[in-house]
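Numbering (the numbering used here), first residue to last: 402 to 979. Built from N, CA and C at the ideal position, the CB exists for glycine as well.
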């Protein structure tokens, strides 16, 4: 396939001079130590600029050196950057930011927030920081990791999202008001990713807090998406959460769908759930059969499999990394190399790239410093050690510094053709892009632990092991320690069942002791009817009768809203194919 190049590759290389540590004429691989320091310097240039010019707003506006609220009003960049601080080794700043967040972030605010973005950035960021607190030298409270201030903040944020799931299908609305719940006029149309990207954070929350409601609603949403797939095994892009009918029927692996597939795989690994993996593998067959052409993935009509958009979207660049997680390394590398050619062509990935024409799509020429191709390079380098992947990391550092760096941080590239900039630095630049770059060049980072070291922690439920590796990144690159889910695994209902069995056991002992004419006062200790409370033996039966039933989610009846021919969600626009 011939590509039309706006900037010849030779000129692009001249525009992006190689620094010491980059490959020379002899083809030596980039020096990881050199690029680690470069990436660290990038982080602090952006992070310090945010603190000096934008805090407590959500995000930095790097061209005007000020801040603005974007996805809520949470000091979002600070939450998103917190675990990156530890990965870069800055424990003192991590500790300081934990205190700042506790003092300044409040979720009882009259703000309309994206359910999807609040979950992946805020809930995910707080959960990750909570689980990394001890490693960062924070003085954790008794009962950690089953309790702690950051965990309580994550739970508070997640509870603000639960009203969005109160629909006839169990699939959530896309937006919720943090103070009042779902607005009466809220559109019922939500993208597929906005429905299927909760199981990692919500299952972690349920495991740590003992409240099953979070994992329950996430699983219901996943199940309804699975049951809504077409006869050829594909899902569309947007669906009506009240009726379950598809509104945008374009099927692909990119914007509006991407993290649904990602969370089936990562949820399966995190929870050791064979059903979730089986779902993904079925989707993977359909995706290969209908959307893959020459190791590119196109958009097709979900019921017919006919091509609707022959484009590559930058958000699709996560796919080779996901393929590596299921062991499909050969296909992952071939697709990665396709995407890398686009990067080399422009010095970044345009949001949309027309594959037959080999060029950008009108009004989709920008690169907001997304992490997906770097993320795939990190996963594939861990799997293969191929130096080509380090070269992508080198190219990313050189391009971003050359094109995007300004006095107050790093600016979104509005147009890769002429390198015009936009006045925004998304929080994911510090949460994901810089983090994946650093981890690509830091093979000895604790995140890459292979189980050779670990910490043993005593919890109210016994001893558990943490920090042994195998971290699962949520779709905002917040690492979750899978071992932590077993530290507090016993749910409240299970705890009550065990206590009831213990009471029966001690009741039998009391009867036996009576035969031996012993007094009750000399009998063994009885466990309380609930943690932290004590009751007399005659109240045990009454306590069991009052055990709260599993929480049910009431249905909401919301008026269906008219739907226009175009949708705009997560920065992408899709035509209604119905």
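Contact check for residue 683 and residue 634: beta-carbon distance about 6 angstroms, within the 8 angstroms limit, so the pair qualifies.
The three-state secondary structure of residue 584, taken from DSSP, is coil.
The continuous stretches of alpha helix (DSSP H) do not include residue 563, and DSSP gives it neither H nor E.
When the five nearest sequence neighbours on each side are left out, the beta carbons in the same chain lying within less than 7 angstroms of the beta carbon of residue 483 are those of 495, 498, 526, 530, in order along the chain. Looking from the CA of residue 568, the closest CA among 830, 517, 707, 596 belongs to 596.
Just so you know, the alpha carbons of residue 649 and residue 688 end up roughly 17 angstroms apart. Between the alpha carbons of residue 537 and residue 630 lies a gap of roughly 44 angstroms. DSSP places residue 879 in the coil class of the three-state scheme, outside both helix and strand.
Residue environment analysis places residue 599 among the buried positions, since at least 16 neighbouring C-beta atoms fall within 10 angstroms of its C-beta. Secondary structure at residue 470: coil, using DSSP grouped into helix, strand and coil.
When only Cα atoms are considered, residue 785 and residue 739 end up about 17 angstroms apart. About 7 angstroms separates the Cβ atoms of residue 817 and residue 761, confirming a contact at the 8 angstroms cut-off.
Residue 511 and residue 576 have their alpha carbons spaced roughly 13 angstroms apart. In terms of Cβ geometry, residue 478 and residue 828 form a close pair [threshold 8 angstroms]. The beta carbons of residue 487 and residue 555 sit no closer together than 8 angstroms. Three or more Cβ pairs closer than 8 angstroms define a contact, and the region 580-587 falls short of that threshold against the region 858-875. Contact between residue 671 and residue 880 is absent: CB atoms are separated by about 11 angstroms, not below the 8 angstroms threshold. Proximity to residue 590 across 638, 491, 711, 717 peaks at 638, based on C-alpha coordinates. When secondary structure is reduced to three states using DSSP, residue 571 falls in the coil class, being assigned neither helix nor strand. Under the DSSP assignment, residue 800 falls in the alpha helix (DSSP H) whose first and last residues are 788-800. Close CB contacts of residue 621 within its chain, under the 6 angstroms cut and outside five residues either way in sequence, are with 571 (chain order). When C-alpha distances from residue 743 are compared across 732, 755, 457, the shortest belongs to 755. Taking the C-beta atoms as reference points, residue 824 is found nearer than 8 angstroms to residue 465.
Look at residue 752 here: in three-state DSSP terms it is coil, with no helix or strand label. The Cβ-Cβ distance between residue 753 and residue 714 falls below 8 angstroms. DSSP places residue 614 in the uninterrupted alpha helix (DSSP H) bounded by 614-628.
Nearest in C-alpha terms to residue 594, of all of 532, 612, 663, is 663. Residue 521 counts as buried, since no fewer than 16 other beta carbons sit within 10 angstroms of its beta carbon. The Cβ atoms of residue 834 and residue 767 do not sit closer than 8 angstroms to each other. Around the beta carbon of residue 602, a 10 Å sphere encloses 16 or more other beta carbons of the protein chains shown; the residue is thus reported as buried. Only residues of its own chain outside the window of five on either side were considered, and among them 804, 814 have a CB closer than 7 angstroms to the CB of residue 820, listed in chain order.
When the Cα atoms are used, residue 781 and residue 659 turn out to be separated by approximately 18 angstroms.
Straight through space, the alpha carbons of residue 508 and residue 579 are spaced by roughly 7 angstroms. For the pair residue 719 and residue 799, the CB atoms are not nearer than the 8 angstroms cut-off.
A distance below 7 angstroms between beta-carbons, with the five flanking residues on each side excluded, links residue 797 to the following residues of its chain, in chain order: 775, 838.
For residue 871, the closest C-alpha among the options 726, 432, 429, 826 is that of 726.
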